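Novice: Questions regarding the structure given below will be posed in turn.
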Amino acid sequence: MADFDPDLPITRIVSGKFRRYHHLTVIQQLIWARLVMLNLRDSFLVLVGFIQSFIMLLLWRPDVVFTKGGYVCLPVGLAARILRIPLVIHDSDAHPGLTNRILAKWANAIATGAPLEYYSYPKEISHYVGIPISGSFHPFSAEERLRARKQWGIDVDDKLIVVTGGGLGAKRINDAVAESLAGLLKLGSVVLVAGAAQYDELRALTPENDSRFQLHAFISSGMAALLGSADVVVTRAGATTILELAALERPTILVPNGKLTGGHQLKNAAVYSEAEAVKIVDEEAMVDNSQVLTEAISEVLSHPQESSLMAKRFSKFARPNAALNMADIILDAAK
């Protein structure tokens with residue numbers, strides 16, 4: 524992927540999101556006063572954002588509007604509809620989010636991150652393209668894996684376990700790794716990318732970084748090399764992370780966050796679990812007993828042939844031409 528153009532003009536609008544939580548009943552959410560007030564406030568912000576978007580699009584008159592599905596896309600997409608500007612949407616998650624479900628009614632084209640059978644979108648305008656990711660995410664050769672481990676100062680003769688909760692980290696996964704670290708180090712070297720918020724706490728609980736254990740708050744560059752050299756990766760079930768690992772063809776354990784809006788990580792994980800392309804660890808079971816995670820990692824490392832087949836099945840979901848195909852869809856809509 525090309526570097527971000529610093530001269531690309533950026534204009535901000537306000538918007539708001541409709542908060543709803545998969546692990547709470549409708550009644551529980553309706554009697555949660557703070558939640559109700561926040562949703563009312565954000566409904567007003569959506570209206571303001573719509574007015575801002577309408578004025579901007581009226582002045583700019585773009586040939587096409589492309590949205591990615593976050594809540595900030597709703598007012599923009601609605602303004603495009605009113606002004607009859609062609610609209611293209613992309614849905615990374617395996618289950619359509621609320622914004623995309625609304626905008627899909629008026630979209631000229633819809634692109635998806637997972638196979639079309641997981642969506643209720645009109646098939647005649649839907650395209651399975653995957654998710655555009657960096658070209659640095661690709662299957663690593665044995666030589667590349669060796670070079671990457673040397674680059675990171677990791678024992679080249681040991682199994683490598685990489686655990687990451689994404690850019691912000693994942694406290695429950697971090698805690699499970701810290702509790703069971705002694706057992707994990709018997710299985711191989713461990714790299715934990717913990718996020719900045721919990722880094723200091725974990726630093727006090729874990730050994731200093733060396734060739735067998737490393738703790739990082741965040742990794743800004745070289746993440747593909749680290750993941751590509753791993754024997755097993757443990758991570759959340761965010762859509763982009765999943766397809767980056769599919770492109771790397773790495774044995775993967777997903778720990779989906781079941782409390783996020785719409786349960787989208789649970790639905791993402793189910794797609795790849797059904798294809799026997801990943802292993803799933805239930806978060807609540809892991810919280811009750813951190814050995815659940817250790818046992819899952821041990822199972823993957825103890826059966827390299829089965830794990831390799833799992834990774835091969837996973838790699839079939841990779842879409843290396845996703846960015847190009849997405850661009851073609853946008854340009855076709857503009858015509």
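Per my numbering, the sequence shown runs over residues 524 to 858.
Glycine included, each C-beta is placed from N, C-alpha and C at the ideal position.
A quick note: this is a predicted structure, and the numbers were derived from the prediction, not measured.
(1) What are the uninterrupted segments assigned as alpha helix (DSSP H) that are 4 or more residues long and contained completely in the stretch 538 to 605, given in chain order?
(2) Would you call the stretch 724 to 732 in contact with the stretch 751 to 766, where contact means no fewer than 3 C-beta pairs closer than 8 Å?
(3) Rounded to a whole number of angstroms, what is the C-alpha to C-alpha distance between GLU829 and LEU683?
(4) Please work out which residues of its chain come closer than 6 Å, Cβ to Cβ, to ASN844, disregarding the five sequence neighbours upstream and downstream, and give them in chain order.
(5) The alpha helix (DSSP H) with ILE644 in it runs from where to where?
(6) Please name the residue, chosen from PHE663, HIS787, ALA705, SER734, that lies closest to ASP616 on a Cα-to-Cα basis.
(7) Do you know whose CA, among SER825, THR687, ARG836, lies nearest ALA747's CA?
(8) Strictly by DSSP, which residues pair up with ILE776?
(9) Where in the stretch 672 to 706 do unbroken runs of the alpha helix (DSSP H), each at least 4 residues long, occur, reported from the N-terminal end onward?
(10) For VAL716, which beta-bridge partners are listed by DSSP?
(11) Identify whether VAL652 lies in helix, strand or coil by the three-state DSSP scheme.
(12) Just the Cα atoms here: how many angstroms apart are LYS694 and LEU783?
(13) With the cut-off set at 8 Å, would you say LEU725 and ALA719 are in Cβ contact?
(14) Identify, in the order they occur along the chain, each residue of the same chain with its Cβ nearer than 6 Å to the Cβ of ALA632, setting aside the five sequence neighbours on each side.
(15) Would you kindly work out how many angstroms separate the C-alpha atoms of SER566 and ALA627, rounded to a whole number?
(16) How many angstroms separate the CA atom of THR534 from the CA atom of ILE742?
(17) Give me, in chain order, the residues of the same chain whose beta-carbon lies closer than 8 Å to that of LEU847; leave out the 5 immediate sequence neighbours on both sides.
(18) Can you tell me which of the three DSSP states ASP851 falls into?
(19) What is the DSSP secondary structure of THR635, reduced to helix, strand or coil?
(20) Exposed or buried, GLY806, counting other C-beta atoms within 10 Å across all chains shown (16 or more means buried)?
Specialist: Let me lay it out:
(1) 549 to 553, 556 to 583, 596 to 605
(2) no
(3) As a first step, residue 829 must be located in the sequence shown, where it is residue number 306. As a first step, residue 683 must be located in the sequence shown, where it is residue number 160. GLU829 and LEU683: Cα-Cα distance of roughly 17 Å.
(4) Residue numbering aside, residue 844 sits at position 321 when the sequence shown is read from its first letter. Taken in chain order, the list of residues that qualify is empty.
(5) The residue given as residue 644 occupies position 121 in the sequence shown. In the sequence under discussion, the amino acid at residue 644 is Tyr, which differs from the Ile named in the question. Looking at the DSSP string, TYR644 is not in any alpha helix (DSSP H), and its letter there is neither H nor E.
(6) Residue numbering aside, residue 616 sits at position 93 when the sequence shown is read from its first letter. Comparing Cα positions, the closest option is HIS787.
(7) Mapped onto the sequence shown, residue 747 falls at position 224. Ranking the options by Cα distance to ALA747, first place goes to THR687.
(8) Sequence index remark: in the sequence shown, residue 776 carries index 253 (1-based). Paired residues: VAL757, LYS802.
(9) 694 to 702
(10) Working through the sequence shown from its first residue, we reach residue 716 at position 193. Partner(s): THR687, HIS739.
(11) To locate residue 652, count along the sequence shown from 1; it is residue 129. Correct three-state label for VAL652: coil.
(12) One-based indexing of the sequence shown puts residue 694 at position 171. One-based indexing of the sequence shown puts residue 783 at position 260. About 14 Å.
(13) Walking along the sequence shown from the start, residue 725 turns up at place 202. Walking along the sequence shown from the start, residue 719 turns up at place 196. Not in contact: LEU725 and ALA719 (Cβ atoms no closer than 8 Å).
(14) Reading the sequence shown from its first residue, position 109 is the one you call residue 632. Contacts found: VAL611, ILE648, ILE852, ALA856.
(15) For the purposes of this step, residue 566 is identified with residue 43 of the sequence shown, where counting begins at 1. For the purposes of this step, residue 627 is identified with residue 104 of the sequence shown, where counting begins at 1. Spanning the two alpha carbons is a distance of roughly 20 Å.
(16) Taking the first residue of the sequence shown as position 1, residue 534 is located at position 11. Taking the first residue of the sequence shown as position 1, residue 742 is located at position 219. Their backbone Cα atoms lie some 28 Å apart in a straight line.
(17) What you label residue 847 is simply residue 324 of the sequence shown in a count that begins at 1. Within the same chain, LEU847 has no close Cβ partners at all.
(18) Reading the sequence shown from its first residue, position 328 is the one you call residue 851. If DSSP states are grouped into helix, strand and coil, ASP851 belongs with the helices.
(19) Working through the sequence shown from its first residue, we reach residue 635 at position 112. THR635 falls in the strand class under three-state DSSP.
(20) On the sequence shown, residue 806 is found 283 positions in, with the first residue counted as 1. Gly is not the amino acid found at residue 806; the sequence shown has Glu there. Its Cβ being crowded by 16 or more others within 10 Å, GLU806 is buried.
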